[in-house]
Amino acid sequence: MEVTLLGTGDTTGTPTVQCDCDTCERARDPDEELRASVRERGIDPTGGVERSRFSVAVENDATGESLLVDLSPDFRHQFLRESVPLPDAAIITHIHFDHLDGLGNAYRLFDELPVHAADETDPVTDESVAEAVRSRYDYLDTVSVHAQTPLEPFTVAGFEVTLVPVTHPPLLCYGLRIEEPQTGAVLSISGDTCYDVPDRSKSVLTGADLALVEGIVHPGACEYHPKGGTHHDENGVPRTFGTKHMTLPGARDFAADIEADDYRIVHTAHYVPADRAFADDIGLDGEQFTL
């Protein structure tokens, strides 16, 4: 299993358009320390360091197929930048634009693109993720939508995949367990979520070779959120920012909770201070892993 982090940022990415905060400026013009660190992670810092909107490519060496998790609005840029094949299939975790709106790129690029998504009806929207994808992109003849039941494994691109419910109010959202059956390699993805993930979902995500765990900001940012921070650790540090995203400490604790062999924090915002935003365990676009 070859895993490529195509997009590791939140809804505005890093650097954010027309933002001159220290983090965005350091991303645009990395200092020598950051350049050296990025090179050690197999990334060329020429042109700066980037976190575009979330997306992950997973290649199956056994079948030669490729699976794309979420379709970022930065789809075109990501696939021009990285040497990964176009996907044979895709999965959508939830209907926020930064995870879905890249699907429009299927026009003229694919003869066919099967898209898998949950069949569970969201009481807020009165439709499932699968139904939302189908209704929004019904003009794309090359896209077929396949509804999947959460917590019931299905096969796509030679992988065994399980959608797991997580907690991202007000909308339903899902994490993923992706297993390559021949080698037993496992990738777990938390999806966009707060720290309070249902126990059954955590059990499915447990024991991965690599976990991609959502962590949007440092805990100090919680004082600026109208709802503050929740799910505090034993030292009073909030592991949830507001109600629907994990803090960086929350993401690290979650990775430990699910006993991942390795992890990267993803969906990270430019609000993290510049001296902490590029820590080794926070994902960067272009990182690759062989499981």
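FYI, in this note's numbering the residues of the sequence shown are 21 to 311.
Ideal Cβ placement from N, Cα and C applies to all residues, glycine included.
**Item:** Cα-Cα separation between residue 25 and residue 141, rounded to whole angstroms
**Value:** 29 Å
**Asked** Under 7 Å from any heavy atom of the ligand PLP, does the C-beta of residue 198 make it?
**Response** As far as ligands go, the structure on display features none, and thus does not contain the ligand PLP.
**Asked** Which residue's Cα is closest to the Cα of residue 88: 73, 106, 100 and 82?
**Response** For residue 88, the nearest C-alpha among the options comes from 106.
**Request:** For my contact list, residue 224 and residue 197 are in at a C-beta cut-off of 8 Å; report their separation, rounded to the angstrom.
**Result:** 5 Å
**Prompt:** Over what stretch of residues does the beta strand (DSSP E) that includes residue 85 continue unbroken?
**Reply:** 85-89
**Prompt:** Is the number of C-beta pairs between the segment 279-291 and the segment 217-236 that are closer than 8 Å three or more?
**Reply:** Taking a contact to require three or more Cβ pairs closer than 8 Å, the segment 279-291 and the segment 217-236 qualify as touching.
**Asked** Taking residue 95 as the reference, which of 83, 123 and 31 has the closest Cα?
**Response** 123
**Prompt:** Looking only at DSSP bridge pairs, what is residue 196 linked to?
**Reply:** DSSP lists 183 and 209 as partners of residue 196.
**Prompt:** For residue 237, does the count of other Cβ atoms within 10 angstroms reach 16, so buried, or fall short, so exposed?
**Reply:** It is buried - the Cβ of residue 237 has at least 16 other Cβ atoms within 10 Å.
**Item:** Selection from 98, 143, 114 and 147 that minimises the alpha carbon distance to residue 8
**Value:** Since the displayed the chain opens at 21 and closes at 311, residue 8 lies outside it and no answer follows.
**Prompt:** Thinking C-beta only, is residue 153 closer than 8 Å to residue 120?
**Reply:** Yes; because the gap between Cβ atoms is below 8 Å, this pair is in contact.
**Item:** Cβ shell of residue 241 (< 7 Å), same chain only, five flanking positions each side left out
**Value:** 261 and 291
**Request:** With a cut-off of 8 Å on the beta carbons, I'd call residue 92 and residue 195 a contact; round off their distance for me.
**Result:** Incorrect: roughly 17 Å between the Cβ atoms, too far for contact.
**Prompt:** So the alpha helix (DSSP H) residue 277 belongs to, where does it begin and stop?
**Reply:** 268-277
**Request:** With DSSP collapsed to three states, give me the class of residue 140.
**Result:** coil
**Asked** Between which two residues does the alpha helix (DSSP H) harbouring residue 153 extend?
**Response** Unbroken alpha helix (DSSP H) run through residue 153: 149-156.
**residue 287 vs residue 29 beta-carbon contact at 8 Å** = yes
**Request:** Express the C-alpha separation of residue 275 and residue 233 in angstroms, rounding to a whole number.
**Result:** One alpha carbon belongs to residue 233, the other to residue 275, and they sit about 7 Å apart.
**Request:** Give the straight-line distance between the Cα atoms of residue 104 and residue 131, rounded to the nearest whole angstrom.
**Result:** 18 Å
**Message:** Can you give me the C-alpha to C-alpha distance between residue 235 and residue 271, rounded to a whole angstrom?
**Reply:** 5 Å
**Message:** On the criterion of 16 or more Cβ atoms from any shown chain inside 10 Å, does residue 80 qualify as buried, or is it exposed?
**Reply:** Using a 10 angstroms sphere on the CB of residue 80, the tally of other CB atoms reaches 16 or more, which defines it as buried.
**Message:** Distance check for residue 231 and residue 247, CA to CA, integer angstroms please.
**Reply:** Taking the straight line joining both Cα atoms gives about 28 Å.
**Asked** Should the segment 249-258 be regarded as contacting the segment 294-304, the criterion being three or more beta carbon pairs within less than 8 Å?
**Response** Short answer: they don't touch.
**Prompt:** Can you round the beta-carbon distance between residue 310 and residue 178 to whole angstroms, since I take them to be within the 8 Å contact cut?
**Reply:** Residue 310 to residue 178, Cβ: 16 Å. No contact.
**Message:** In whole angstroms, give me the CA-to-CA distance for residue 150 and residue 296.
**Reply:** 37 Å
**Asked** The alpha helix (DSSP H) spanning residue 55 covers which residue range?
**Response** Per DSSP, residue 55 belongs to the alpha helix (DSSP H) from 52-60.
**Request:** Starting from the N-terminal side, write out each stretch of the alpha helix (DSSP H) that is 4 residues or longer and does not extend beyond the segment 226-310.
**Result:** Within the segment 226-310, the complete alpha helix (DSSP H) runs of at least 4 residues are 268-277.
**Asked** If we call anything under 8 Å between Cβ atoms a contact, is residue 55 one with residue 35?
**Response** With contacts defined as CB atoms closer than 8 Å, residue 55 and residue 35 fail to qualify as a contacting pair.
**Request:** Taking 8 Å as the cut-off, decide whether the C-beta atoms of residue 133 and residue 162 are in contact.
**Result:** Closer than 8 Å, so yes.
**Asked** For residue 66, which of 109, 51 and 138 has the nearest alpha-carbon?
**Response** 51
**Asked** Thinking C-alpha only, which one of 41, 33 and 269 is nearest residue 117?
**Response** Cα-wise, what sits closest to residue 117 is 33.
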